[in-house]
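Enquirer: Protein chains in written order, with the numbering used here: chain E, 1 to 143; chain A, 1001 to 1143; chain P, 2001 to 2143; chain D, 3001 to 3143; chain Y, 4001 to 4143; chain G, 5001 to 5143.
For every residue, glycine included, the Cβ atom is placed at its ideal position computed from N, Cα and C.
Please read these numbers as outputs of a predicted model, since none were measured by experiment.
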């Protein structure tokens, strides 16, 4: 069984802050440092969505990248691109906008939609800056 | 047992098209979109070949990268670089030239040759554009 | 006068070959090497289009990037993306499809259209592979 | 006279919006599109600062990169990193936070400080996303 | 259980050589090629350190990247950056300075320190050049 | 006259140090910092060589990149790759191995050889790390 993992990249630009209103300024600064700036900061995010499956004998495709791209654009990019993650994004409402939580939120927006197209979502990778990124395998721990 | 995974990158440039002659133009266009252009298009591919093993106590090497590089160049790059994947590449003959199938074809060209050098091929990653790539673990599903 | 240079990147994937039918196979091979493969090869091209001007006091813009993006997409990308440069691209008809000639052809497709939007096209940079690119300043020689 | 151009890169992450309060929502949307989102968005900016001069015979240096790095960090990065360009950055106060204006503002913060260290600032390059960047030569038009 | 994998990148520049004094020049050349040059050569290394865990409900963090960054800088970067791996780095003393061994040495410097901060080190990736890198999972073999 | 600028990239890995034996350790440390480490350090250098000219009507080429590549490899890369810039490289003998001086040295190795092939060398760009690079235009100051 020649399972293939296929990944599509999309990008978005968004503002956010890491700040708890139930904490003092000094505690916010101690834990979140400059990420807690009241007036926000932002990033160019890179999102990699990985789906696994067997190549279709007729097309050679695990999933049609046009379909996968549409799912990502309609359900993630349109909701978050050029937005404020804390204020504007329904699926992040009430959560700390850490990269960790954002990756989980993005997974949950798309998992069943990808399954409907015959693919299996297996990984979200989200690059926040050239120096840090997170990966989420739906809770699995491959290593 | 301190197993290490070592990866070597090579690049190649090739033409291809995704098109079934047993399908109508409109069906080809529906499924493959602009990738079905009759007169071909092409890509700069990046190929990452990963081998695992224990570092040799004398050399610190899992596999000599000169040997691994030679295997990749002689068995993959020389057969595909500056070629037409559909027309010129024996190991892709009769297959759809999707990135998925290409990764499988490349694995099968090299698996036993790498084993002969004392390494174990464990992953092929093939980047087609900055927005999509595939990974093949020889059929394994690490996640 | 605070002249600013602004650059927009677009990408396209295309097939081509460097081959003269009025030359023998051996001369084609001597001059063009593997780029002369009869059955084509291809690349992921990166195109950078630079426009200069003064920032508009109301918007801070030299040119609206939406307008510049539309000009590039409609006049270059749609004509060349997922195409064969030698066979499918009217503005390259009858020319060798070298990166040099392609940069000149792209300039000539867009120069007056950008001027109509109040910008001045000053540079085309075209990356063919990670190891080679060309720049064209409309014939000027800044260095 | 062997003039050398030396460039140092620094990065910063910031929020901003392109929006005129004296314009209607629909005009803001027409001109600035999604960049006018009321609740901000943001970017990872890459800043390249170029200084020219003759290599010092004792050190081989045009300018000591430690000195250049300190000037950039103290006068630009500390004022803008993890901030809101529209609200938090004194040198951008009252200006549209376009990439064009930001490059000019950064130049003006540093020009005389670099001259004090014996260097001549000749270029600011500011990358906002992988698809757009601006260059400012202090008003000069090399091409 | 929503386990997240978070990665921090750091860079360092170092000299080294692959050479056994108990081997002849010709055997060193046969096995290590130009990497055995007596007078050393060097690289810009990129180090990626991956930690897994559950996001903290208060912060959204698996581990505070400031803490992880400090561990990497104090225990790896300060010992190896702008150094000679063979001569200057205590944790590589007596070992071949292959990328494989370097990844293992870096892991062993940090594993318990990361555990003390509540994280679990699960992967070291070390890029030596754009054409080769190694990964070490603490001896585990996820694929 | 449609002058085109064409650039070829090559890479090399080398050790060096910035250190004057006629200076005290503390002065070396003050001026050169960690770059003065006695036991060397090293880098992956990226070299970009730019040649200008008119495209040949028969080939579309300003210069044949095979010829340009051969000149760079034989006269620069073979002399410096996997070497110690201070000890092993004849054209840097007696000079501080700063990136500035290295760019000038590389220019002087190749200028006349490129002219013999009908091209005009107009720029050397040398990237030492992702955070610094130099450019040399043969003494010209385009900006």
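Report the rounded CA-to-CA distance for residue 3144 of chain D versus residue 3020 of chain D, giving the unit in angstroms.
Expert: It is not possible to answer for residue 3144 of chain D, since the shown part of chain D is limited to 3001 through 3143.
Enquirer: Using 7 angstroms as the limit for Cβ to Cβ distance, is residue 5012 of chain G near chain P?
Expert: Answer no: the Cβ-Cβ gap between residue 5012 of chain G and chain P never drops below 7 angstroms.
Enquirer: Who does residue 3129 of chain D pair with in a DSSP beta bridge?
Expert: According to DSSP, residue 3129 of chain D bridges with D:3132.
Enquirer: What does residue 2062 of chain P reach in chain G if we use C-beta pairs closer than 7 angstroms?
Expert: In chain order: nothing, as chain G lies at least about 18 angstroms away.
Enquirer: Is there a Cβ of chain P sitting closer than 7 angstroms to that of residue 5114 of chain G, yes or no?
Expert: Answer no: the Cβ-Cβ gap between residue 5114 of chain G and chain P never drops below 7 angstroms.
Enquirer: If I follow the unbroken alpha helix (DSSP H) through residue 5102 of chain G, where does it start and stop?
Expert: Taken as a continuous stretch (DSSP letters only), the alpha helix (DSSP H) holding residue 5102 of chain G covers 5099-5116.
Enquirer: When the Cα atoms are used, what is the spatial distance from residue 1104 of chain A to residue 5 of chain E?
Expert: So the alpha carbons of these two residues sit roughly 11 angstroms apart.
Enquirer: For residue 3122 of chain D, I'd like the list of residues in its chain whose CB is within less than 6 angstroms of its CB, leaving aside the five on either flank, ordered along the chain.
Expert: Excluding positions up to five away in sequence, the list reads 3050 and 3052.
Enquirer: Following the continuous beta strand (DSSP E) through residue 2042 of chain P, name the residue where it begins and the one where it ends.
Expert: Its beta strand (DSSP E) spans residues 2041-2053.
Enquirer: Taking one C-beta from the region 1084-1099 of chain A and one from the region 4125-4140 of chain Y each time, how about it: are there three or more such pairs within less than 8 angstroms?
Expert: Counting Cβ pairs under 8 angstroms, fewer than three are found: no touch.
Enquirer: Does the region 4103-4118 of chain Y come close enough to the region 4058-4075 of chain Y that 3 or more CB-CB pairs lie under 8 angstroms?
Expert: Touching, yes, given that three or more Cβ pairs across the two stretches are closer than 8 angstroms.
Enquirer: Classify residue 2116 of chain P as buried or exposed, calling it buried when 16 or more other Cβ atoms lie within 10 Å of its own Cβ.
Expert: Looking at its Cβ environment, which holds fewer than 16 other Cβ atoms inside 10 Å, residue 2116 of chain P is exposed.
Enquirer: What are the residues in the region 3007-3031 of chain D lying within 8 angstroms of chain E by C-beta distance?
Expert: Listed in sequence order: 3011, 3013, 3014, 3015 and 3016.
Enquirer: Note down, in chain order, every chain A residue with its Cβ under 7 angstroms from the Cβ of residue 65 of chain E.
Expert: Correct list: 1132.
Enquirer: Of the residues Y:4044, Y:4066 and Y:4133, which one's Cα is nearest the Cα of residue 5011 of chain G?
Expert: Of the candidates Y:4044, Y:4066 and Y:4133, the one whose C-alpha sits nearest the C-alpha of residue 5011 of chain G is Y:4044.
Enquirer: Determine, using beta carbons only, whether residue 3061 of chain D and residue 5036 of chain G come nearer to each other than 7 angstroms.
Expert: No; because the gap between Cβ atoms is not below 7 angstroms, this pair is not in contact.
Enquirer: Using a cut-off of 9 angstroms between C-beta atoms, extract the partners of residue 3122 of chain D located in chain G.
Expert: Result: 5141 and 5143.
Enquirer: With a threshold of 7 angstroms between beta carbons, is residue 4004 of chain Y in contact with chain A?
Expert: So no, residue 4004 of chain Y is outside the interface.
Enquirer: So, for residue 3119 of chain D: in the same chain, excluding its five sequence neighbours on each side, which residues have a beta-carbon less than 6 angstroms away from its beta-carbon?
Expert: Excluding residues within five positions, the ones whose Cβ falls inside 6 angstroms are 3051, 3053 and 3063.
Enquirer: Throw me the rounded Cβ distance for the residue 5100 of chain G and residue 3055 of chain D pair, which I believe falls under 8 angstroms.
Expert: Contact flag correct, Cβ pair sits at about 4 angstroms.
Enquirer: Below 7 angstroms on C-beta distance, what does residue 52 of chain E contact in chain A?
Expert: Ordered by position in chain A, the residues that pass the 7 angstroms Cβ test against residue 52 of chain E are 1141.
Enquirer: Anyone know if the C-beta pair for residue 5127 of chain G and residue 5046 of chain G falls short of 7 angstroms?
Expert: Closer than 7 angstroms, so yes.
Enquirer: Leaving out five residues before and five after residue 1096 of chain A in sequence, what residues of the same chain have Cβ atoms less than 7 angstroms from its Cβ?
Expert: The residues are 1018.
Enquirer: Please confirm if residue 137 of chain E has its CB atom under 7 angstroms from at least one CB of chain A.
Expert: With 7 angstroms as the cut-off, residue 137 of chain E counts as an interface residue toward chain A.
Enquirer: Tell me the DSSP bridge mates of residue 2012 of chain P?
Expert: Partner(s): P:2045.
Enquirer: For residue 4091 of chain Y, name the three-state secondary structure that DSSP assigns.
Expert: Here residue 4091 of chain Y sits in helix by DSSP.
Enquirer: According to the neighbour-count rule (16 or more other Cβ atoms, all chains shown, within 10 Å of its Cβ), is residue 1083 of chain A buried or exposed?
Expert: Residue 1083 of chain A is buried by the Cβ-count criterion.
Enquirer: Does residue 5018 of chain G come out as helix, strand or coil in the three-state DSSP assignment?
Expert: Looking at residue 5018 of chain G - three-state DSSP - the assignment turns out to be coil, as it is neither helix nor strand.
Enquirer: If distances are taken between C-alpha atoms only, which option among A:1134, A:1032 and A:1041 comes closest to residue 1102 of chain A?
Expert: The shortest Cα separation from residue 1102 of chain A among A:1134, A:1032 and A:1041 belongs to A:1134.
Enquirer: Would residue 3090 of chain D count as contacting chain G if we go by Cβ distances under 7 angstroms?
Expert: Chain G contact via Cβ: absent.
Enquirer: Could you tell me the alpha carbon to alpha carbon distance between residue 3024 of chain D and residue 3013 of chain D, rounded to whole angstroms?
Expert: Each residue's Cα considered, the two are about 29 angstroms apart.
Enquirer: Return yes when the Cβ of residue 2085 of chain P is within less than 7 angstroms of the Cβ of residue 2016 of chain P, no when it is not.
Expert: Yes.
Enquirer: For residue 4018 of chain Y, verify whether its CB is less than 6 angstroms away from any heavy atom of the ligand SAH.
Expert: The ligand content of the structure shown is nil, which means the ligand SAH is not present either.
Enquirer: State the Cα-Cα distance for the pair residue 2032 of chain P and residue 1081 of chain A, rounded to the nearest angstrom.
Expert: Approximately 14 angstroms between the Cα atoms of the pair.
Enquirer: Rounded to the nearest angstrom, what separates residue 4066 of chain Y and residue 4026 of chain Y at their Cα positions?
Expert: So the two alpha carbons sit approximately 48 angstroms from each other.
Enquirer: Just the chain A side, please: which residues come within less than 7 angstroms of residue 4101 of chain Y by C-beta, in chain order?
Expert: Those within 7 angstroms of residue 4101 of chain Y in chain A are 1055 and 1060.
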